[in-house]
Ligand SMILES: [Fe+2]
């Protein structure tokens, strides 16, 4: 029986993907929700966030923003043209989307400056304690794990949840109001881009992962991909915790992830 996967249903419907992928998404749902329903987004929208939290947010997430095309480049290095349909699909997608990331680091800095955090502080300010949890994980999985695991952790999980929290902030008129009118568009460009275009990216990444792994990967492989996706969400949640309550998070520093 062929285990080759070729999507026939709509891109953005979970039912278009193999059962194991649907189960994986289901198994990670609680962790995903802990990110996208985090109180950090409400606090940011409602301006109930301390200055130190904004600072931790902008500086704490920066390494992942700066490095994201690097994670994709590490994935690209694992592909080999002609080896499999999944390899070809991954290669094409990564080459195209590394280019798309080109200006995103600069746009993040615009957002930080608009929010009152100087560019120099983001580039070389001291990292909040424990806030490198997500960057370390993305680096590890992109450098040392399989192509499918790396893309699941970064392009599927991190980009997927990021698209959702970006939308929450970008849809908020109150959040827009917090930026000086003359600077607003420039300040919010990163959010705008991630709330919009990233919509299809996680689904495209899921399609590639399923094309790489087929319809019946071994239980070990499925469990590993599930663990990688969960770990990304949990790392994001820990980072959000640090932004909301920096002092409490500092005490928790050292708690194992997943
Ligand atoms: Fe981006």
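Numbering (my numbering), first residue to last: 148 to 405.
Each residue gets a CB set at the ideal place from its N, CA and C atoms; glycine is no exception.
What you are looking at is a predicted structure, and each value in this text was computed from that prediction instead of being measured.
query: Do residue 178 and residue 381 have their C-beta atoms within less than 8 angstroms of each other?; result: yes
query: Indicate the three-state DSSP secondary structure (helix, strand or coil) for residue 214 in the structure shown.; result: helix
query: Going by other Cβ atoms of all chains shown within 10 Å of its Cβ, with 16 needed for buried, is residue 292 buried or exposed?; result: buried
query: Residue 402 to residue 155, Cα distance in whole Å?; result: Reliability fails at residue 402, whose pLDDT of 43 lies under 50, so the model's placement of it is uncertain and no value is given.
query: Under the rule that 16 or more other beta-carbon atoms within 10 Å means buried, what is residue 384, buried or exposed?; result: buried
query: For residue 223, which residues in the same chain have their Cβ closer than 6 angstroms to its Cβ, ignoring the five residues on either side in sequence?; result: 241
query: Buried or exposed for residue 170, going by 16 or more other Cβ atoms inside 10 Å?; result: exposed
query: For a quick check, are the C-beta atoms of residue 232 and residue 357 less than 8 angstroms apart?; result: no
query: Mark residue 199 as exposed unless 16 or more other C-beta atoms lie within 10 angstroms of its C-beta, in which case mark it buried.; result: exposed
query: Going by DSSP, what residue range makes up the alpha helix (DSSP H) through residue 250?; result: No alpha helix (DSSP H) holds residue 250; DSSP gives it neither H nor E.
query: At a threshold of 7 angstroms, does residue 341 count as lining ligand 1 (C-beta to nearest heavy atom)?; result: yes
query: Sort 149, 163, 151 and 183 by Cα distance to residue 351 and report the nearest one.; result: 163
query: My assumption, with CB atoms under 8 angstroms, is that residue 309 sits in contact with residue 257. Please give the rounded CB distance.; result: Not confirmed; about 17 angstroms, so no contact.
query: Could you check whether the Cβ of residue 351 sits closer than 7 angstroms to any heavy atom belonging to ligand 1?; result: no
query: What is the rounded straight-line gap between the Cα of residue 408 and the Cα of residue 379?; result: No information on residue 408 is available, as it lies outside the stretch 148 to 405 that the chain covers here.
query: Reducing DSSP to helix, strand and coil, say where residue 162 ends up.; result: helix
query: Does the count of Cβ pairs from the stretch 306-324 and the stretch 262-281 closer than 8 angstroms reach three?; result: no
query: For residue 151, is the classification buried or exposed, using 16 other Cβ atoms within 10 angstroms of its Cβ as the cut-off for buried?; result: exposed
query: Look up residue 228 in the DSSP assignment and say whether it is helix, strand or coil.; result: coil
query: Beta-carbon separation of residue 254 and residue 337 under 8 angstroms?; result: yes
query: Based on Cα-Cα distance, which residue from 326, 290 and 285 lies nearest to residue 208?; result: 285
query: Could you please give the first and the last residue of the uninterrupted alpha helix (DSSP H) stretch that includes residue 367?; result: 366-391
query: Which one of 189, 282, 245 and 353 has the shortest CA to CA distance from residue 206?; result: 282
query: How big is the Cα-Cα spacing for residue 370 and residue 329?; result: 49 angstroms
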